[in-house]
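If you count the sequence shown from 1, position 114 lands on 105 in the working numbering, and the numbers rise without skipping.
Beta carbons: idealized from backbone N, C-alpha and C, even for Gly.
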Amino acid sequence: MINLQKGQKILLPSNLTSDGFNIGFYWDCLHSQPTQIEFFAALLSGEKVKSNDDFIYLDNMASSCNSVTERVSYDPYKKMFAINVKKIRPEIDKIIFVASISDSLAVGRGSCTNITTDIIYKKEIVFQSKMEPEKNQS
-8 MINLQKGQKI
2 LLPSNLTSDG
12 FNIGFYWDCL
22 HSQPTQIEFF
32 AALLSGEKVK
42 SNDDFIYLDN
52 MASSCNSVTE
62 RVSYDPYKKM
72 FAINVKKIRP
82 EIDKIIFVAS
92 ISDSLAVGRG
102 SCTNITTDII
112 YKKEIVFQSK
122 MEPEKNQS
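Right, here's the structure in full:
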C-alpha cells in the first residue's frame, strides 16, 4: 500500500491505460454523527476544467465524453467511479479526484480514519493507497 500525501500524483499500471477500471473510496468515521466526506472527479486540460460537464459531482454523474462516470458503490466502497480510458478526449491530460471533508478537523482528530483508495481492474485490486492526515503544526 502507498501512503498518499496531499497533492501526490501516481502513475497507473500499463494494463490499465488500455482498458477501463474502477476507483473505489472508503473510510471509517468513529463518532455517532458521521463526518460527511464527498469525493469528486475532474478532467483537466492544461491544468483547467474546460467545461462544467467535466466536473463529476452531485447531479453531474458523468463527464461530457463518458470517460469518467460515478457508479453504484458496493461494499466496502462508499464512492466509486468507472474510468473508460478509450473515451478520454485527446486534450485531457489529467484526471483528478478530490476529497471534501465537511468537518475540516475530523481527519486530524482521528474521527475519520482508514481513508483508502483502491484501483480495481477486472474485480481485482491492483493498486491501493491510504491517505495519511496532515500533522498539526504546534
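Next item on the list: Kindly identify the DSSP beta-bridge partner or partners of tyrosine 65.
Entry: Answer by DSSP bridge pairing: none, since tyrosine 65 is not bridged.
Item checked: DSSP state of valine 76 mapped onto helix, strand, coil -> Helix at valine 76.
Notebook entry, point to check: Is threonine 108 closer than 8 Å to isoleucine 14 when the C-beta atoms are compared?
Noted result: Yes.
Note to self: Here's the rule: buried if 16 or more other CB atoms are within 10 angstroms of the residue's CB, otherwise exposed. What is valine 59?
What the structure shows: Classified as buried, valine 59 has 16 or more neighbouring CB atoms from the shown chains inside 10 Å of its CB.
Note to self: Checking the sheet assignment: what are the DSSP bridge partners for isoleucine 86?
What the structure shows: Bridge partners of isoleucine 86: Leu34.
Check: Under the rule that 16 or more other beta-carbon atoms within 10 Å means buried, what is lysine 114, buried or exposed?
Finding: exposed
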